[in-house]
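Numbering (the working numbering), first residue to last: 3 to 103.
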């Protein structure tokens, strides 16, 4: 599917200038019509979204490196994709079961 710059910006929740800058910088490719209007493929927008998300995560990760955890250490690892489900710690339940045995 082809998007105009305005449609792409609206779909991604970004300003049109950011989409144009990404094309100018070579982050994504676009096709310019004879009228001067730019068209961008959906896959290019997905690539740009991924790039923006990775940059955000990188900045958050660098900020987290400066913030110690509760134990005073920092855990570092590179993530390609994240699927997180938060669950309560099981240690309490395990220690209760161990006392019963």
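Note that beta-carbon positions come from the ideal geometry of N, C-alpha and C, so glycine has one too. Note that the coordinates shown come from a computational prediction; the quantities given were computed from them, not determined experimentally.
Assuming contact is defined by CB atoms lying nearer than 7 Å, are residue 21 and residue 10 in contact in what I supplied? yes
Under the three-state reduction of DSSP, which class applies to residue 62: helix, strand or coil? DSSP, reduced to helix, strand and coil, places residue 62 within a helical segment of the structure shown.
So, with DSSP's three-state summary, where would you put residue 4? Strand, per DSSP.
On the DSSP letters alone, give me the boundaries of the alpha helix (DSSP H) that residue 26 sits inside. 18-26
Per DSSP, which one or two residues make a beta bridge with residue 29? BP columns for residue 29 are empty, so no partner.
Three-state secondary structure (DSSP) at residue 44? helix
Spatial neighbours of residue 42 within its chain, please: CB distance less than 6 Å, with the 5 preceding and 5 following residues excluded, ordered by chain position. 5, 10 and 32
Pick out whichever of 36, 47 and 35 has its Cα sitting closest to the Cα of residue 18. The shortest C-alpha separation from residue 18 is found at 47.
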